[in-house]
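Report on one structure; see the data block that follows.
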Amino acid sequence: MIGWGIIGVGDVTEVKSAPSIFRAPDSDVVHVMRRDGDRARDFAARHGVGRWSTDAQAVIDDPEVTAVYVATPTATHAAYAIAAASAGKHVLVEKPMAMSSVECRRMVEAADGAGVHLWVAYYRRTLPRFVKIRELLAAGTLGRLLSVQTTWRKPTDFNGWRWDPQVNRGGEFYETACHTLDVLDHLLGPASDPAGRVSGDGHAVSASYRFGDVVGSGSWTFGTPGALEQTVLMGDKGTLTFASFSPTPIRVVTGEGEETYEVGDPPHVHGPLVATILDELRGVGACPSTGRTALRTSALMDAILGS
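Right under this line is the structure:
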């Protein structure tokens, strides 16, 4: 029996990673934690979880917990993940993996030393629309890939935890751009030759990198009057455009014309990723989002931000 303990039952665990996706004949959520006891008790009651706590260590020490899901603010990820791994528990941690690649490396080392699995919730690696993009690339739809370019601009009031350096470094770039950078790692392979420029207030970030022979660049600007979020893959036979944050149609343009692919997201976007984790624990598959792949994404972000 795979017993899940969840540390930090907030908004993410209500919608994106609801307890139902961890449930199977051989898997269940057995213990949840939140610092606010009333909210922890309410969450447990609404989702049919037998035990709740205000103490993360109680979840980690629970003998019925074999895997811990860390769904807390970024600044606490490393401490909880290392504590869980050191106690012999498998770990799934939210993204960004930690506050820096240095912390990420310590998490990987802790999991390796304890002989447990470490996964990171970069769920786009398993979403159906990104599976479709990978299939299109593998089929040679774009020919030889030449470049990739990401553009993101959006309004924001610069309030909230994303702009609090105590809980999330690098502003909204660090907490959101990681999704696109990680899925590019999945689609194209590890990045190299990173460079970045950041405005003094962190409201604008530009970057360059390469994925093998594919050269890449990105621009993220926060506080603009309008919004645009897209990534364009360019090859010698065509282009493919996608959005990281909404299930808009995938757009492919080649010499033969334009084609769109509408691939929706599941009700709980973490579901396909968790399914691969459960298969890995059963010994019949492997999750594509590991501590090592997420460490690469964190190292890329560190290089862009100039750490």
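FYI, in my numbering the residues of the sequence shown are -18 to 288.
Quick reminder that beta carbons are idealized off the backbone N, C-alpha and C, glycines included.
Just so you know, the alpha carbons of D19 and S34 end up roughly 10 Å apart. In this structure V13 is not in contact with F3, their Cβ atoms being roughly 11 Å apart against a cut-off of 8 Å.
The Cβ atoms of T53 and G(-16) do not sit closer than 8 Å to each other. Close CB contacts of E210 within its chain, under the 6 Å cut and outside five residues either way in sequence, are with W133, A224 and F226 (chain order). For V74, the CB contacts under 6 Å within the same chain, skipping 5 residues up- and downstream, are V51, H58, A62 and V101 in chain order. In this structure, DSSP gives R15 a state outside helix and strand, which the three-state scheme calls coil. By the neighbour-count definition (other C-beta atoms within 10 Å, threshold 16), T241 is an exposed residue. H249 sits in coil when the DSSP states are folded into three classes, being neither helix nor strand.
Around the Cβ of W142, a 10 Å sphere holds fewer than 16 other Cβ atoms; the residue is exposed. Residue range G238 to Y242 is occupied by the beta strand (DSSP E) that includes E239. Between the alpha carbons of S81 and V164 lies a distance of about 19 Å. Looking at the backbone, the Cα of F154 and that of R32 are separated by about 36 Å.
Contact between the stretch 191 to 207 and the stretch 158 to 173 is established, with three or more Cβ pairs separated by less than 8 Å. Taking the C-beta atoms as reference points, L168 is found nearer than 8 Å to R115. Spanning the alpha carbons of A91 and L118 requires a straight line of approximately 36 Å.
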